[in-house]
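The numbering of the sequence shown is full-length UniProt numbering, which starts it at 1 and goes up by one.
Note that beta-carbon positions come from the ideal geometry of N, C-alpha and C, so glycine has one too.
Please read these numbers as outputs of a predicted model, since none were measured by experiment.
Below: one structure, written as structure tokens.
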Amino acid sequence: MDKRILIPTDFSKNALNATRYALDLYAKLNCEFYFLNIFRLDNYTTSTLIMPEPGSAEYEAAKEASEVAFAKLLDMLELHHDNPKHSYHTISSFNFLSEAIKQTIASKDIDLVIMGTQGATGAKGIIFGSNTVNAMETIRECPVMAIPDELRFSTPKEIVFPTNYKSTFSRKELNYLIEIAKMHNTAIRVVHFTKKTTLAEDQEAHKKLLDDILESVDHSFHTLTDKDVAQGITSFVESRNSDMIAFINKKHFLFNSIFSRPLVKEIGYDATVPILALNES
């Protein structure tokens with residue numbers, strides 16, 4: 001069964017960079033890549049109650065512009081990423097981005113969404129655009145990976161996985177993480193942030209289960225006493241030159257309950273590596 005990966009694109013440099021990263025990360029697997037572009041109409045705003053209709057001149061011109069941009073993208077990919085294991089599909093949609101992503105996940109049975117951290121209108125100093133943060137907060141159907149601007153692909157040697165061991169783990173929610181680790185012979189570094197020196201009984205049981213689930217890949221456990229979790233993760237990644245951060249996106253709390261504020265917004269300002277948000281099963 002081919003892996004199905006959705007890549008939203010606005011044809012910006014950042015989106016192209018995320019595409020290249022995705023193609024390299026999954027170079028060894030049979031993949032179908034679905035590229036999604038949300039086209040806009042110049043005269044249409046959300047305050048206008050009259051929706052432009054398919055068939056109207058303005059709508060068709062905007063859709064055609066999206067399709068022309070896709071043709072250029074596919075030409076470029078064939079030139080630089082001619083991988084017989086990969087096939088490409090394009091979708092031009094007039095919709096809200098998060099809605100279009102959810103519809104595509106459902107209709108195409110998407111396994112993973114990979115996107116750049118910024119769109120064409122990237123605000124200076126903010127590494128994670130609101131679209132990326134919104135996607136990571138609202139998409140529950142499959143994992144979402146965000147690729148920082150201008151990051152070049154190199155084989156990931158180490159993935160950092162922060163946790164508080166307060167919830168149980170399942171193989172299902174960790175399978176993408178394990179798959180990437182196996183594909184690239186990557187080590188997983190489990191990082192626990194705490195002020196206490198010992199774990200509670202249930203935390204010990206959850207840690208043991210995680211150890212069992214990760215047994216097929218190289219992994220190790222680390223404890224840090226940083227008060228600021230986002231800062232702690234960032235400095236851990238920087239000090240070890242880690243290649244990715246992965247965490248489980250909890251339904252009942254924005255990201256993980258160890259985080260007082262949404263982790264992606266926090267780390268997003270300093271993001272130097274891809275972030276993979278896995279979903280609770």
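Sheet register partners of residue i (DSSP bridge)
i: S87; result: E32
i: V68; result: DSSP lists no partner for V68.
i: T163; result: H192
i: G116; result: I147
i: A187; result: E158
i: S92; result: N37
Anticipated Cβ contact below 8 Å, residue i with residue j, distance rounded
i: D228; j: V273; result: Contact doesn't hold; Cβ gap of about 18 Å is too wide.
i: V190; j: T225; result: Not a contact, Cβ separation roughly 16 Å.
i: L29; j: K72; result: About 26 Å separates the two Cβ atoms, so there is no contact after all.
i: D149; j: N14; result: 5 Å
i: T138; j: M115; result: Incorrect: roughly 13 Å between the Cβ atoms, too far for contact.
i: S216; j: I178; result: 7 Å
i: L174; j: L278; result: 7 Å
i: S170; j: N134; result: Not quite, the Cβ-Cβ distance comes to about 26 Å (not below 8 Å), so this is no contact.
i: I83; j: A22; result: Sequence inspection shows Asn at residue 83; the Ile mentioned does not correspond to that position. Incorrect: roughly 12 Å between the Cβ atoms, too far for contact.
i: A62; j: R40; result: 7 Å
i: F153; j: R20; result: 7 Å
Residue interval of the beta strand (DSSP E) (run including residue i)
i: A110; result: Looking at the sequence shown, residue 110 is not Ala but Ile. I110 -> no beta strand (DSSP E), and no H or E assigned at all.
i: H222; result: H219 to L224
i: R171; result: Where R171 is concerned, there is no enclosing beta strand (DSSP E), although the alpha helix (DSSP H) it sits in stretches over R171 to H184.
i: I275; result: I275 to N279
i: L6; result: K3 to P8
i: residue 282; result: The chain is shown from 1 up to 281; residue 282 falls before or after that span and cannot be answered.
i: I147; result: V144 to I147
Start and end residues, alpha helix (DSSP H) containing residue i
i: residue 285; result: Nothing about residue 285 can be read from this structure; the chain reaches only from 1 to 281.
i: T19; result: K13 to L25
i: K208; result: E201 to I213
Residues near residue i by beta carbon distance below 6 Å, same chain, minus five either side
i: I159; result: T186, I188, M244 and A246
i: H89; result: Y34
i: E78; result: none
i: H206; result: Y165 and T168
i: N37; result: T9, S66 and S92
i: F259; result: Unreliable placement is indicated for F259, whose pLDDT of 43 sits below 50; the coordinate value is still reported in the next sentence. Here the set comprises V229.
i: L16; result: none
i: H252; result: Low per-residue confidence applies at H252: pLDDT is 48, beneath 50, and the placement is therefore not dependable, though the value from the model is reported in the following sentence. Counting only Cβ-Cβ distances below 6 Å, and skipping sequence neighbours, we find nothing.
i: I126; result: Legend: pLDDT at I126 = 42, less than 50; position of this residue unreliable, no value from coordinates given.
i: V144; result: V113, A135, M136 and A277
i: F161; result: I188, V190 and A246
i: F11; result: A69
i: E238; result: none
i: N256; result: Confidence at N256 is low in this model, with a pLDDT of 43, below 50, so the placement of that residue should be treated as unreliable; the coordinate-derived value is given next. Closer than 6 Å at Cβ, skipping near neighbours: F247 and K250.
Residues near residue i by beta carbon distance below 7 Å, same chain, minus five either side
i: H184; result: T155 and P156
i: C31; result: D2, K3, I5, K85 and H86
i: E53; result: Y59
i: A18; result: I7, I114, M115, G116 and I147
i: I213; result: F169, R171 and L174
i: residue 286; result: Absent from the structure is residue 286, since the part of the chain shown begins at 1 and ends at 281.
i: Q203; result: Y165 and K166
i: H95; result: Note that residue 95 corresponds to Asn in the displayed sequence, not to His. Excluding residues within five positions, the ones whose Cβ falls inside 7 Å are I38.
i: T194; result: T223 and T225
i: H80; result: none
Cutoff 8 Å; reference residue i; Cβ partners in own chain excluding five residues on either side
i: I110; result: R4, I5, L6, Y34, T104, E141 and C142
i: H222; result: R189, V190, V191, H192 and F236
i: I101; result: L6, P8, L36, V113, A135 and I139
i: T211; result: First, the residue type needs correcting, since residue 211 is Asp and not Thr in the sequence shown. Around D211: H219 and F221.
i: L209; result: T168 and F169
i: K182; result: S216 and V217
i: L74; result: Y88 and T90
i: A106; result: E141
Min CB distance residue i to chain D below 7 Å
i: H81; result: Within the model displayed, chain D is absent; a lone protein chain is all it includes.
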